[in-house]
Amino acid sequence: MGDTSKRGRVLTLSAALFWLASCGAPQTEEPGVADVAAAQGSRNANSLHAQIIGESDLPPAGTRSLLDYWLAEQGAIPFPFTQFVDALAAEDGSERPVLSVLIPDGRSLLKAQADFTSPRIVVAANMQPPAGALIAPDFAGRLYLGFTENANEIEVLSYNEAAGRFEFQLITDYCAGCNPRLVYAKRAICTTCHQGGVPIFSVRPWQETNAQSAIADRIAEYHVDTVLGAPIRVTLETPDAIDNLTNQAAVLVATQKAWLDGCGVGSAGVSCRREQLRHALRWMLNPAALDGGAPDLVAAQAEQWPAEGIAIAGNDLRSRDPFDSGLYEQSFLGQLRRLVFGEPARQMSGDKLADFDRLPKLPAEFDPLARRPAKKWISARDVDPALGVALIFTPQDRERLEQAAGYSEARLDAAVSALPDTLFAPAPLRRTVLLDALLSQLGDTVPPHRFADLGELSAPILEGEPPLELQAGSPLKPFEQYCFACHRGNPSARLDFMSGPDEATVLESIRATDSIRDVLDWQRYRGTRKEGQLMPPADSWQREELAKVLAEWPANTATPVDQMRDTVPALFEF
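Listed below in structure tokens is the structure:
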């Protein structure tokens with residue numbers, strides 16, 4: 004009798020455990036990322052900011068992101084990631100390394116594909132342009148990367164000065180032997196977490212990052228010193244600096260709203276924006292200048308300021324300890340199932356939204372999808388908008404302006420008063436436009452800009468546009484393998500001559516580019532002074548791979564180089 008009872012209890016427990024493993028508690032259907040994105044709607048759709056800046060997936064016409072300009076100048080997407088980060092670090096005048104942290108168990112859309120063996124690398128650009136003759140771009144707080152190696156994807160937030168907003172971009176197929184593509188992401192999906200269109204980051208003590216010794220120790224079990232160039236161990240100073248940069252970015256976006264929605268339209272709007280710039284310059288010259296208030300600024304802002312104020316988006320996420328996640332991220336039955344059967348295997352379907360939604364839901368206090376209150380509401384009585392306008396200028400800009408004005412507040416005030424009203428019409432606040440106008444008004448030379456010619460950029464690409472499908476035996480096959488990475492989807496229009504929707508279009512473009520034959524003339528130029536002109540570039544993985552293939556290629560048969568050269572007609576063919 005006792006044995007039978009014991010056997011029955013074991014069977015009952017086994018059945019319960021089987022039920023936990025296969026079914027568990029009844030599941031309630033929770034909205035996924037796409038549902039949250041669809042439900043967002045358009046907030047304040049009638050505001051000036053919404054009308055002028057907007058929420059389109061692609062950048063507004065005539066504008067592009069900082070990353071687009073920089074990659075067009077680079078000539079290609081740097082690979083591997085260590086090279087990408089080194090190229091960014093070279094932009095800093097003081098040669099500081101860029102800021103990076105490792106997050107093995109985080110809250111990004113690609114969190115299912117990151118772990119301690121391959122943590123997500125988050126990079127925040129902190130580079131300040133060096134002093135020089137050019138008006139250089141400002142990277143600090145305006146460019147953020149999240150690289151998930153298992154997903155072969157870099158998520159990007161990149162500021163678009165001409166549009167006054169951050170752009171959401173992706174570098175897909177970022178892996179050895181792949182052809183990476185720079186695309187614009189679906190903005191509504193990104194802003195489910197990046198509410199207000201700003202970068203987000205957790206707050207102290209940043210338990211998800213490798214600034215915590217327990218996280219760094221686990222990563223160190225699989226790596227030595229660095230992960231793709233990112234240090235395994237960092238102090239709290241690093242995530243603190245990243246947090247500060249993301250907060251500056253939120254202020255930058257709020258400043259655009261204060262410039263447009265806060266000041267409004269008509270002559271009152273012009274006067275308001277003029278006062279914001281005037282007081283920004285006063286503060287730059289003397290940080291104590293606004294301590295006693297700014298009556299002229301407050302009076303100008305009071306004319307059309309929204310009754311509810313201007314919000315600085317809440318971009319702080321509560322710090323979360325991934326080692327304790329099982330204690331607060333699942334129901335009791337979920338915790339029991341996890342205790343008995345261990346961590347559930349992560350099934351990757353290739354659909355990142357579905358993979359994200361399939362993971363256990365986070366409690367609202369940790370979930371980036373949960374609506375967050377504004378960090379602060381700016382009223383017409385605040386001087387914050389002037390401080391935000393000052394934030395758009397770099398230290399080098401400030402030095403130029405102060406020297407041009409002879410360090411005189413009166414001269415700066417007079418220059419602002421003399422600027423035409425058209426400069427203060429409702430439009431995004433642009434650093435370079437205001438800087439040029441002020442220097443000119445102060446009688447100083449207006450330097451050339453490093454990133455200025457939009458015509459040098461190829462057309463932007465939206466995420467989801469289908470890749471080029473090649474037929475078997477297509478003459479484009481070797482071009483796909485060795486050339487597409489640099490010449491298809493390149494932000495530089497000059498280098499983007501292998502783009503096109505179909506084989507026929509791409510072939511026509513290649514055949515019209517005579518120079519291809521010359522840069523592929525390996526037989527004639529190898530070992531000569533012109534070897535550096537051969538393609539693929541000498542420091543690329545494509546060159547290394549092609550050299551290996553050619554070294555082992557059977558004699559008396561057409562090599563991939565021969566095949567590509569034969570695709571392009573010779574200059575003189577009869």
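So in my numbering, the last one in the sequence shown is 577, and the numbering has no gaps at all.
Glycine included, every Cβ here is placed at the ideal spot set by N, Cα and C.
Everything numeric in this text was worked out from a predicted model, so none of it was measured.
DSSP bridge partner residues for residue i (one or two, in chain order)
| i | result |
| --- | --- |
| Pro234 | Thr229 |
| Leu148 | Val126 and Val159 |
| Arg3 | Residue 3 lies beyond the residue range present for the chain, which begins at 4 and ends at 577; the question has no answer from this structure. |
| Glu170 | Ser161 |
| His452 | Ile138 |
| Ala314 | Trp380 |
| Leu465 | Tyr187 |
Helix, strand or coil at residue i [DSSP, three-state]
| i | result |
| --- | --- |
| Leu330 | A caution first: Leu330 carries a pLDDT of 46, below 50, which makes its placement in the model unreliable, though a value can still be read off. Three-state result, Leu330: helix. |
| Val571 | coil |
| Ser420 | helix |
| Val13 | Residue confidence for Val13 is low, a pLDDT of 48 falling below 50, so the modelled location carries little weight and cannot support an answer. |
| Asp141 | coil |
| Thr31 | With a pLDDT of 47 at Thr31, under the threshold of 50, the modelled position of that residue is not reliable, and the figure given next carries that caveat. Residue state, collapsed to three classes: coil. |
| Gln566 | helix |
| Ser495 | strand |
| Ser25 | For Ser25, the pLDDT reaches just 45, beneath the cut-off of 50, and the residue's location in the model is therefore unreliable, although a value from the coordinates is still provided. Note: Ser25 maps to helix in three-state DSSP. |
| Phe87 | helix |
| Phe204 | strand |
| Val319 | The sequence given here places Asp at residue 319; Val does not occur at that position. Three-state result, Asp319: strand. |
| Leu394 | helix |
| Leu365 | coil |
| Leu473 | coil |
| Leu460 | strand |
| His490 | helix |
| Ser210 | A quick correction: the sequence has Gln, not Ser, at residue 210. It is coil, neither helix nor strand. |
| Asp400 | helix |
| Val436 | helix |
| Val193 | Reading off the sequence, residue 193 comes out as Cys, not Val. Note: Cys193 maps to helix in three-state DSSP. |
| Ala297 | coil |
| Gly265 | helix |
| Asp95 | coil |
| Thr560 | coil |
| Leu579 | Nothing about residue 579 can be read from this structure; the chain reaches only from 4 to 577. |
| Arg414 | helix |
| Ala541 | coil |
| Ala373 | coil |
| Phe82 | coil |
| Leu426 | helix |
| Gly535 | helix |
Contact belief for residue i with residue j at Cβ below 8 Å, rounded distance in angstroms
| i | j | result |
| --- | --- | --- |
| Gly149 | Ile157 | 7 Å |
| Cys190 | Phe119 | Looking at the sequence itself, residue 190 is Arg, so the reference to Cys does not match. About 32 Å; that fails the 8 Å criterion. |
| Asp60 | Tyr187 | 6 Å |
| Asp95 | Gln131 | 6 Å |
| Arg546 | Pro540 | 6 Å |
| Thr238 | Ala214 | 6 Å |
| Phe82 | Leu231 | Incorrect: roughly 11 Å between the Cβ atoms, too far for contact. |
| Thr560 | Asp141 | Not a contact, Cβ separation roughly 53 Å. |
| Pro481 | Gln566 | 5 Å |
Residue range of the unbroken alpha helix (DSSP H) whose run includes residue i
| i | result |
| --- | --- |
| Trp544 | Trp544 to Ala554 |
| Trp380 | Premise fails: Trp380 lies in the beta strand (DSSP E), Lys379 to Ile381, not in any alpha helix (DSSP H). |
| Ser477 | Ser477 -> no alpha helix (DSSP H), and no H or E assigned at all. |
| Ile513 | Glu506 to Arg514 |
| Ala357 | Lys355 to Arg361 |
| Trp73 | Leu69 to Gln77 |
| Tyr528 | Trp525 to Tyr528 |
| Glu278 | Gly269 to Leu288 |
| Lys605 | Here the chain covers residues 4 to 577 and nothing more, so residue 605 does not appear. |
| Leu248 | Glu240 to Lys260 |
| Arg520 | Ser518 to Val522 |
| Asp220 | Ser216 to Ala223 |
Limits of the beta strand (DSSP E) - the one that residue i falls within
| i | result |
| --- | --- |
| Val104 | Leu102 to Ile106 |
| Ile55 | Premise fails: Ile55 lies in the alpha helix (DSSP H), Leu51 to Ile55, not in any beta strand (DSSP E). |
Interface flag, residue i vs chain D, CB-CB below 9 Å
| i | result |
| --- | --- |
| Asp385 | Protein chains in the displayed structure number just one, and chain D is not present. |
Note to self: Would you call the stretch 408 to 416 in contact with the stretch 254 to 268, where contact means no fewer than 3 C-beta pairs closer than 8 Å?
What the structure shows: Because the criterion of three Cβ pairs below 8 Å is not met, the stretch 408 to 416 and the stretch 254 to 268 do not touch.
Exercise for the section: Specify whether the stretch 311 to 324 and the stretch 255 to 264 touch according to this definition: at least 3 beta carbon pairs, one from each stretch, less than 8 Å apart. Expected result: The stretch 311 to 324, when compared against the stretch 255 to 264, does touch it at the 8 Å Cβ threshold.
* To do: Kindly confirm or deny that the stretch 197 to 215 and the stretch 463 to 473 touch, where touching means at least three C-beta pairs closer than 8 Å.
  => Contact annotation: the stretch 197 to 215 does not touch the stretch 463 to 473, with fewer than three C-beta pairs closer than 8 Å.
- Query: Touch check for the stretch 211 to 226 and the stretch 159 to 174: three-plus C-beta pairs under 8 Å?
  - Reply: Counting C-beta pairs with one atom in each stretch, the stretch 211 to 226 and the stretch 159 to 174 have fewer than three that are closer than 8 Å, which means they do not touch.
Worksheet item: Touch check for the stretch 504 to 516 and the stretch 92 to 110: three-plus C-beta pairs under 8 Å?
Response: The count of Cβ pairs closer than 8 Å, one atom from the stretch 504 to 516 and one from the stretch 92 to 110, stays below three, leaving the stretches out of contact.
Are the stretch 398 to 405 and the stretch 419 to 430 touching by the rule of at least three beta carbon pairs closer than 8 Å?
-> Taking a cut-off of 8 Å for Cβ pairs, the stretch 398 to 405 and the stretch 419 to 430 do not touch, as fewer than three such pairs fall below it.
Would you call the stretch 474 to 489 in contact with the stretch 437 to 453, where contact means no fewer than 3 C-beta pairs closer than 8 Å?
Judged by pairs of C-beta atoms under 8 Å, the stretch 474 to 489 does not touch the stretch 437 to 453, as fewer than three such pairs exist.
Q. Is the stretch 453 to 463 touching the stretch 491 to 507 in the sense that three or more CB pairs, one from each, lie closer than 8 Å?
A. Per the Cβ contact rule, the stretch 491 to 507 is in contact with the stretch 453 to 463 (3 or more Cβ pairs under 8 Å).
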